[in-house]
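J.: Take a look at this one; I'll ask things after.
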Amino acid sequence: MANQFLNKKITLVVFGATGDLMARKLAPSLFYLYKEKKLPKDFKIIGVSRRELSEEGFQKHLKAALVKYKDIVRDKKLSSFLKLFSFVRGFFDERYTYEDLKRVLDKKAEAFFYLAVAPGFYRPISHWLLKTNLVKKNDRLLVEKPFGLDLKSARSLDRLLAKCFREEQIYRIDHYLAKDGLRKLAAFRLSFEPISSIEIRLWETSGAQGRGEFYDSVGALRDVGQNHLLAMLAAALSSGRRKRARILEFLKPRASFRAQYRGYREIPKVKRNSRTETYFKITASLKGIGVSLESGKCLPETRKEVQINFHDGKKLIFPTELHKKKYQYVEEYETLLSEAFRGERAWFLSREEVFQMWRFVDPILKAWEKNKVPLKFYHPGEMP
Numbered sequence: 001m002a003n004q005f006l007n008k009k010i011t012l013v014v015f016g017a018t019g020d021l022m023a024r025k026l027a028p029s030l031f032y033l034y035k036e037k038k039l040p041k042d043f044k045i046i047g048v049s050r051r052e053l054s055e056e057g058f059q060k061h062l063k064a065a066l067v068k069y070k071d072i073v074r075d076k077k078l079s080s081f082l083k084l085f086s087f088v089r090g091f092f093d094e095r096y097t098y099e100d101l102k103r104v105l106d107k108k109a110e111a112f113f114y115l116a117v118a119p120g121f122y123r124p125i126s127h128w129l130l131k132t133n134l135v136k137k138n139d140r141l142l143v144e145k146p147f148g149l150d151l152k153s154a155r156s157l158d159r160l161l162a163k164c165f166r167e168e169q170i171y172r173i174d175h176y177l178a179k180d181g182l183r184k185l186a187a188f189r190l191s192f193e194p195i196s197s198i199e200i201r202l203w204e205t206s207g208a209q210g211r212g213e214f215y216d217s218v219g220a221l222r223d224v225g226q227n228h229l230l231a232m233l234a235a236a237l238s239s240g241r242r243k244r245a246r247i248l249e250f251l252k253p254r255a256s257f258r259a260q261y262r263g264y265r266e267i268p269k270v271k272r273n274s275r276t277e278t279y280f281k282i283t284a285s286l287k288g289i290g291v292s293l294e295s296g297k298c299l300p301e302t303r304k305e306v307q308i309n310f311h312d313g314k315k316l317i318f319p320t321e322l323h324k325k326k327y328q329y330v331e332e333y334e335t336l337l338s339e340a341f342r343g344e345r346a347w348f349l350s351r352e353e354v355f356q357m358w359r360f361v362d363p364i365l366k367a368w369e370k371n372k373v374p375l376k377f378y379h380p381g382e383m384p
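The opening residue of the sequence shown carries number 1 in this note's numbering; numbering runs sequentially from there.
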């Protein structure tokens, strides 16, 4: 099977190739896969962006973006790695971009289209991929969160992507599902009977600096709760996409608390009267098991963990990361990209999982919008 995969012909097409996602996550992850000979022998990457760059200019741009990865910059394989990249300049809402892409895309290769762009570009990209007949039956789509802003928009996004891709062609990425600690926990195959409650924490000491405009438009619950925390909960209790969706279907909210750290409103591009939460705690029930979901910014310590409490008083705490990462995100994206290229979909979200996540979160968000749950405030470095 390994030899069969290595003999494949694959082309990765990245829309938004000069952006942050490529620089911080995709490019370094792809380099390590290349260095470790985990990519097919005939593997190419086409970057698509509106930036005025030549192919050589794009390769120089990537090299500059990789400067902080000292071991990559010093590696002799970097030059040959950069030669895998070519570039198509164009706007995502104009037909000529896709005609140019069609001319350089090998028809015999399996194409993986990666949407490393803001969700507002999903519609024009999907439209023109369809209109220009760029998508073949064996091609795939890789797409990042957010998968909508509520259940209604998530369903709308699903209908949009379905015009161009079948469900089995779509790989929805949540990088938390590639964390080694979470996968180890999932391998335990925990039984419901002895469990009294589950607590999932994603605490951060950092604030929202540098993300003000985006963060203020979504808040903590949409940013990490609707996706990462619920994905962790489902993965801890079940294996496989269908079973994870079924777990989420039985999850019922009980109560919620939200708060904002003092000083948040002074961050550039944050509204001065912002009601956006930077911390939340939600309690819920799941087939008789108590569930606590908690996350926040500017907290006293960093904790990313799943805690299982048993009826006999014992508990297990699983950190989502079993060892300190040299670079944030890179190992997770190495894992997910490798699995996607091999057609392994178990650790990518299904549409039903996404729908069930929003089904759970929607009523909480609506209650907050109506101020049924007042926004509290806390000092940075303290628990709300």
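Note that the Cβ used here is the ideal one computed from N, Cα and C, for glycine as well.
What is the residue span of the beta strand (DSSP E) that Ser86 lies within?
T.: Residue 86 sits at position 86 when you count from the first residue of the sequence shown. That run of the beta strand (DSSP E) goes 85-89.
J.: Are there 16 or more other CB atoms within 10 angstroms of the CB of Ala245, so buried, or fewer, so exposed?
T.: Translated into the one-based positions of the sequence shown, residue 245 becomes position 245. Ala245 comes out buried.
J.: Do you know offhand how far Lys184's Cα is from Ala154's?
T.: Position 184 of the sequence shown, counted from the first residue, corresponds to residue 184. Position 154 of the sequence shown, counted from the first residue, corresponds to residue 154. C-alpha separation (whole angstroms): 30 Å.
J.: Please state whether the Cβ-Cβ distance between Pro119 and Tyr261 is less than 8 Å.
T.: Sequence index remark: in the sequence shown, residue 119 carries index 119 (1-based). Sequence index remark: in the sequence shown, residue 261 carries index 261 (1-based). Taking 8 Å as the Cβ cut-off, Pro119 and Tyr261 do not qualify as a contacting pair.
J.: Could you round the C-beta distance between Pro253 and Ile282 to whole angstroms and report it? I think they count as a contact, below 8 Å.
T.: Within the sequence shown, the letter at position 253 stands for residue 253. Within the sequence shown, the letter at position 282 stands for residue 282. That belief holds up - the Cβ atoms of Pro253 and Ile282 are roughly 6 Å apart, short of 8 Å.
J.: Taking all protein chains shown into account, decide if Lys179 is buried (16 or more other Cβ within 10 angstroms of its Cβ) or exposed.
T.: Position 179 of the sequence shown, counting from 1, holds the residue named residue 179. Lys179 comes out buried.
J.: Would you mind giving the Cβ-Cβ distance between Leu251 and Val291, rounded to the nearest angstrom? I have them listed as a contact below 8 Å.
T.: As a working note, residue 251 is residue 251 in the sequence shown. As a working note, residue 291 is residue 291 in the sequence shown. Leu251 to Val291, Cβ: 7 Å. Contact.
J.: What residues are listed by DSSP as bridge partners for Gly47?
T.: Walking along the sequence shown from the start, residue 47 turns up at place 47. Note: Gly47 sits in a beta bridge opposite Val14, Phe87.
J.: Using three-state DSSP, classify Ala208 as helix, strand or coil.
T.: In the sequence shown, residue 208 corresponds to position 208, counting from 1. Coil at Ala208, not helix or strand.
J.: Between which two residues does the beta strand (DSSP E) holding Ala187 run?
T.: For the purposes of this step, residue 187 is taken as residue 187 along the sequence shown, with counting starting at 1. Here Ala187 belongs to no beta strand (DSSP E); instead the alpha helix (DSSP H) covers 180-187.
J.: Grab me the residues of Ala236's own chain with a C-beta within less than 6 Å of its C-beta, minus the 5 sequence neighbours each way, in chain order.
T.: The residue you call residue 236 lines up with position 236 of the sequence shown. Taken in chain order, the residues that qualify are Leu185, Val306.
J.: Return the residue from the list Tyr98, Arg51, Leu105 that minimises the CA-CA distance to Pro124.
T.: Position 124 of the sequence shown, counted from the start, is the residue given in the question as residue 124. The residue with the shortest Cα to Cα distance from Pro124 is Tyr98.
J.: Nearest by alpha-carbon distance to Tyr329: which of Asp20, Asp93, Ser217 is it?
T.: Stepping through the sequence shown from its first residue, residue 329 is reached at position 329. When each option's Cα is compared against that of Tyr329, the closest is Asp20.
J.: Quick one: what's got a C-beta closer than 8 Å to Ile247's C-beta in the same chain, skipping five residues either side?
T.: Residue numbering aside, residue 247 sits at position 247 when the sequence shown is read from its first letter. Closer than 8 Å at Cβ, skipping near neighbours: Leu233, Ala234, Leu237, Ser238, Leu286.
J.: As a quick exercise: from Arg303, Leu105, Ala340, pick the residue whose alpha carbon is nearest that of Glu199.
T.: Residue 199 sits at position 199 when you count from the first residue of the sequence shown. Comparing Cα-Cα distances from Glu199 to each of Arg303, Leu105, Ala340, the minimum goes to Arg303.
J.: Take Pro391 as the anchor and find which of Trp128, Asp75, Phe121, Asp139 has the nearest alpha-carbon.
T.: This structure gives no information on residue 391, because the portion of the chain shown stretches from 1 to 384.
J.: DSSP has Ala255 in a bridge; who is on the other side?
T.: Here residue 255 is taken as the residue at index 255 of the sequence shown, counted from 1. In DSSP, Ala255 forms a bridge with Thr283.
J.: Can you tell me where the alpha helix (DSSP H) with Glu364 in it begins and where it stops?
T.: In the sequence shown, counting from the first residue as 1, residue 364 sits at position 364. The sequence given here has Ile at residue 364, not Glu. From DSSP, the alpha helix (DSSP H) with Ile364 extends over 351-369.
J.: In this structure, what does DSSP give as the bridge partners for Gly290?
T.: Counting from one through the sequence shown, the residue named residue 290 turns up at place 290. For Gly290, which the question treats as bridged, DSSP gives the partners Ser197, Ser285.
J.: Going by the CB atoms, is the gap between Tyr279 and Tyr378 shorter than 8 Å?
T.: Here the question's residue 378 lines up with position 378 in the sequence shown. Here the question's residue 279 lines up with position 279 in the sequence shown. Yes, the Cβ-Cβ distance between Tyr378 and Tyr279 is below 8 Å.
J.: Taking the C-alpha atoms as reference points, what is the distance between Val117 and Asp139?
T.: The residue you call residue 117 lines up with position 117 of the sequence shown. The residue you call residue 139 lines up with position 139 of the sequence shown. Spanning the two alpha carbons is a distance of roughly 19 Å.
J.: Any beta carbon of chain B sitting closer than 8 Å to that of Arg345?
T.: Any reference to chain B falls outside this structure, which holds one protein chain only.
J.: When the Cα atoms are used, what is the spatial distance from Phe257 to Ser54?
T.: The residue given as residue 257 occupies position 257 in the sequence shown. The residue given as residue 54 occupies position 54 in the sequence shown. Roughly 51 Å separates the two Cα atoms.
J.: Kindly list the residues whose CB is nearer than 8 Å to the CB of Lys376, restricted to its own chain and excluding five residues on each side of it in sequence; keep chain order.
T.: Translated into the one-based positions of the sequence shown, residue 376 becomes position 376. Leaving aside the five residues that flank Lys376 on each side, the residues in its chain whose CB is nearer than 8 Å to its CB run, in chain order, Phe257, Arg258, Ala259, Gln260, Pro384.
J.: Identify the residues that DSSP records as bridge partners of Leu115: which are they?
T.: As a working mapping, residue 115 is identified with position 115 in the sequence shown. Residue pairing of Leu115 in beta bridges, as defined by DSSP: Phe15, Val143.
J.: Can you tell me the Cα-Cα spacing of Leu141 and Glu294, whole angstroms?
T.: Against the sequence shown, residue 141 aligns to sequence position 141. Against the sequence shown, residue 294 aligns to sequence position 294. Those two C-alpha atoms are separated by around 31 Å.
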